[in-house]
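Residue numbers (my numbering), protein chains in the order written: chain A, 494 to 941; chain B, 3 to 516.
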């Protein structure tokens, strides 16, 4: 018992140190005289005009779990409607397109594992969330995603076919999942990944990729905030080279990359993005045993694009932070609906592993009937045919060039966000902030 | 596991390596491991200095390869086991290099090749009287003939609804673990009971063929025309996995096996496969008219040797008709105890083979007495499997697979025949496979356990169990290593797994892909 008590005291001291470090790490804007974040009771008159606090709005006659007001809704928006709008922006855009997904993971020791895969996306419904909600009966597939891996060598020519389904309370299967392994020379159907479980060697979960249905959560507005940075580059990586549709490889200074791209018209003078901060709580009746009990979103106020998301477990502990840079990839869609994730970063706080995903060489791709019938079938993978190669130079050459851990936003919404990182991890974060890049090994722990 | 716990694990490792129990020293070790990780992150010398320059020189060429070091060592040599002198320790000391290249000639048209080189030091690097297969067949330790080195070479042409592949290639049919409708290519089975589906890629024996597939909607129809012949390669006498229960040759005289000739039009083989996918269900059917990859001894005469009747035997391959089916279905089970939602896939596969030729030992005995018979008999066989794969929490995969083998019209005088029960009328292998990565290692460490119990009837009942435990560690995105333990337990010395009771072994593999 004595040792238990001692252990608890030690733990308390550890958390205390972590708390002090958190305070020290508060971002510059948080230390400014006027905080960037405001709670509900501090909303400005304009914000109160745009927000409808109602929580019991009329329901759709056919789909009782959906608001009666037609998507994409009109201002003022309820928190639930904001959640629906945010669901528009899944990791993979809701329209036919092609891209190369460059992704990777890094651990605290500097182990890095990366991959790249050419991705083809075909959709059976019109672009956007509206058709997903209204046009499809639950239990029917709405899209097909084919991934052809080109890196690392051991994964070359591996392929995956994802066929996601429209789901509801009774139709729970999220997708059909097939893989082709060149080593086995076989196409095999796989069980769909568990939704709340991160992929092996990755911080990203299945739902992070496919998206979450907004009706599976209870939504609540917590306030507003200003986001200035999402994905942060290290000082060791002054430029990156994107594959830009129609332009080829374009080298861009990392300091010039904005969270919502150059086209976003609503940046503040200081470059910040005005955001709603919305809490989504898992509905136990629809998602029992779901590990991610609470999600906190930072949604840009105009398009509801989720530039940041945090996950909390059943104990209320922070388990992951996702930040995104987006770009208006589909100019045919109006009012910001054409925005798609350009870069996403997932920091699993529990294991201190960080995954990234860059969608490079993105271009809308209206597949012909013949192409769609040929490419998006399980048997196509046996042909080992990379129909349209897409190249990227976004792989990271060295662990020190990896993206920084996302900002913690310590002090913002303290009632909502319980951030209690271990002393070790806080020291790593501190070392990163001081150095301007990730610091590995014992050197990341200056106290040692 | 928190970073702190990981660091303490490193400290423990430091102590295990004999470092003084000082925190500074442990921190130094932690630093060293971190430095090693970062160095290995970019360690890809063959990729950097071979692959990249070649591909830069010829942008139409894709060039890749892998290098594999594999060592299997017996837990304990036992000297005399059955008819064998097990005075060796290493079952393999194998270096395998494969280079795969594809040259893009024109839109849809490519020239593909796969060359490989293998050296197995098991015959040279240990002193053994029991290992001598290399003295009469060098290919067991070194691939040095053009046919062996040039593993695959074919031209592929792809159009939207049509594929044509002509040349030396391997074709894998089926979806299950193990071989059920995967019957096209012969296989190097010299590892006997140790051979598993993950090895098929480099153990299959490619053959020259025309392989064409038509695609229409969610359907595909494949035709194979094989103008080549390969037989399976079994473990040779004096090789590590040669069965200890096979006695030395007796007085019977063996003539060279009659092998179908690739140049003979009548000897060519054919196959057709149809596949269809419809939502949660996919299914397919196959038919193939192939040679049995293993010859069956026919009695072609008798002689008197020292007053005893000796058989003149000639191995001969039989023509077989294969009919097969495969299907899989996916679903998600809700509110399951302990695991909540449970994604699951069901697979089924079956192969009916008509006219399999068996040795009939009662007829062989009659032949010794002067009865005019070739001492073979034909029976139909069935091999089939049903599997369920479950996606459990913590990225854990559980597969339960029942594999069943049956010889129709079986009797006790029958020898081995394709597809049927193993030394029995029927055989059942209820396989269990469990795999999971470990989060404390950031998923770099994973373990897989496979258990293959073998039941059969009516003679043997219990033929033993093979257990395989594999632990894999990702060193970097280019290199991984694994430790494998295989054990063979139970059954009698005449049983399939029981005969290898003294063959428990540890394996170590290092794989580098570039």
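Glycine included, each C-beta is placed from N, C-alpha and C at the ideal position. Computed from a predicted model, the values in this text were never measured in an experiment.
- Task: Would you please state the rounded distance, in angstroms, between the beta carbons of residue 395(B) and residue 347(B)? I believe it to be under 8 angstroms.
- Result: In this structure residue 395(B) is not in contact with residue 347(B), their Cβ atoms being roughly 17 angstroms apart against a cut-off of 8 angstroms.
- Closest by CA to residue 839(A), which one among 804(A), 530(A), 854(A) and 718(A)? Per the Cα distances, 804(A).
- Query: How far does the beta strand (DSSP E) with residue 204(B) in it reach, from first residue to last?
  - Reply: Run containing residue 204(B): none in the beta strand (DSSP E); it sits in the alpha helix (DSSP H), 202-205.
- Using a Cβ-Cβ cut-off of less than 7 angstroms, list which residues of the segment 555-576 of chain A approach chain B; keep chain order. none
- Item | Where residue 824(A) falls, given that 16 or more other Cβ within 10 Å makes a residue buried | exposed
- Task: Please classify residue 365(B): does DSSP put it in a helix, a strand, or coil?
- Result: helix
- Query: residue 65(B) versus chain A: which residues are under 7 angstroms apart at the beta carbon?
  - Reply: Going along chain A, no residue has its Cβ under 7 angstroms from residue 65(B), so there is no contact; the nearest lies around 10 angstroms.
- According to DSSP, is residue 42(B) helix, strand or coil? Secondary structure of residue 42(B) (DSSP, three-state): helix.
- Item | Through-space distance from residue 471(B) to residue 491(B), alpha-carbon basis | 14 angstroms
- Query: What number of angstroms, rounded off, separates the C-alpha of residue 122(B) from the C-alpha of residue 135(B)?
  - Reply: 12 angstroms
- Query: With a cut-off of 8 angstroms, does the C-beta of residue 345(B) fall near any C-beta of chain A?
  - Reply: yes
- Message: Would residue 621(A) and residue 659(A) qualify as a contact pair, given that the criterion is a beta-carbon distance under 8 angstroms?
- Response: no
- Message: Using a Cβ-Cβ distance cut-off of 8 angstroms, determine whether residue 775(A) contacts chain B.
- Response: no
- Presumed contact (8 angstroms Cβ cut-off) between residue 454(B) and residue 45(B), rounded CB distance: At roughly 36 angstroms, the Cβ-Cβ gap does not stay under 8 angstroms, so residue 454(B) and residue 45(B) are not in contact.
- Please report how far the alpha carbon of residue 412(B) lies from the alpha carbon of residue 56(B), in whole angstroms. 58 angstroms
- Item | Interface positions of the segment 595-615 of chain A facing chain B (Cβ-Cβ less than 9 angstroms), listed along the chain | 597, 598, 599, 600, 601, 602, 603, 604, 605, 606, 607 and 608
- Counting only runs that start and end within the segment 396-449 of chain B, where is the beta strand (DSSP E) found for 3 or more residues in a row? 398-409 and 428-439
- Query: In chain A, which residues lie with their C-beta within 9 angstroms of the C-beta of residue 476(B)?
  - Reply: Ordered by position in chain A, the residues that pass the 9 angstroms Cβ test against residue 476(B) are 604, 606 and 694.
- Message: Counting only beta-carbon separations shorter than 8 angstroms, does residue 930(A) have a partner in chain B?
- Response: no
- Nearest-angstrom beta carbon gap, residue 319(B) and residue 261(B) [assumed within contact, 8 angstroms]: Sure, about 7 angstroms apart at Cβ, within 8 angstroms.
- Message: Comparing C-alpha positions only, which one of 826(A), 606(A), 869(A) and 736(A) sits nearest to residue 43(B)?
- Response: 606(A)
- Could you give the residue range of the beta strand (DSSP E) that holds residue 835(A)? 832-841
- Query: DSSP state of residue 595(A), grouped into three classes?
  - Reply: strand
- Closer than 8 angstroms to chain A by CB, residue 334(B): yes
- Message: Can you pull the chain B neighbours of residue 891(A), defined as C-beta to C-beta under 9 angstroms?
- Response: Within chain B, the residues near residue 891(A) are 40, 43 and 44.
- Figure out for me which residue from 602(A), 682(A), 615(A) and 801(A) has the closest Cα to the Cα of residue 669(A). 682(A)
- Contiguous beta strand (DSSP E) assignments of at least 3 residues, all confined to the segment 783-814 of chain A: 787-793 and 799-805
- Query: Counting Cβ pairs, one atom from each stretch, are 3 or more of them under 8 angstroms apart for the segment 29-36 of chain B and the segment 876-888 of chain A?
  - Reply: no
- Would you list the one or two residues that DSSP bridges to residue 291(B)? 272(B) and 323(B)
- Task: Evaluate contact between the segment 235-255 of chain B and the segment 145-162 of chain B, counting only Cβ atoms and requiring at least three cross-stretch pairs below 8 angstroms.
- Result: By the Cβ criterion, the segment 235-255 of chain B is not in contact with the segment 145-162 of chain B, since fewer than three pairs of Cβ atoms, one from each stretch, lie closer than 8 angstroms.
- Option nearest residue 114(B) by Cα separation, candidates 103(B), 369(B), 220(B) and 513(B): 103(B)
- Backbone secondary structure at residue 475(B) - three-state DSSP: strand
- Could you check the C-alpha separation between residue 259(B) and residue 316(B) for me, to the nearest Å? Going by the C-alpha atoms only, they are around 6 angstroms apart.
- Extent of the continuous alpha helix (DSSP H) run through residue 453(A): Since the first residue of chain A shown is 494 and the last is 941, residue 453(A) is not available in this structure.
- Task: Can you pull the chain A residues whose beta carbon is under 7 angstroms from the beta carbon of residue 55(B), in chain order?
- Result: The contacting residues do not exist; residue 55(B) stays about 16 angstroms from chain A at best.
- Message: Quick check on the DSSP output: what are the complete beta strand (DSSP E) runs of length 3 or more inside the segment 543-619 of chain A, in order along the chain?
- Response: Taking only runs of at least 3 residues, the beta strand (DSSP E) segments lying wholly in the segment 543-619 of chain A are 590-599 and 605-616.
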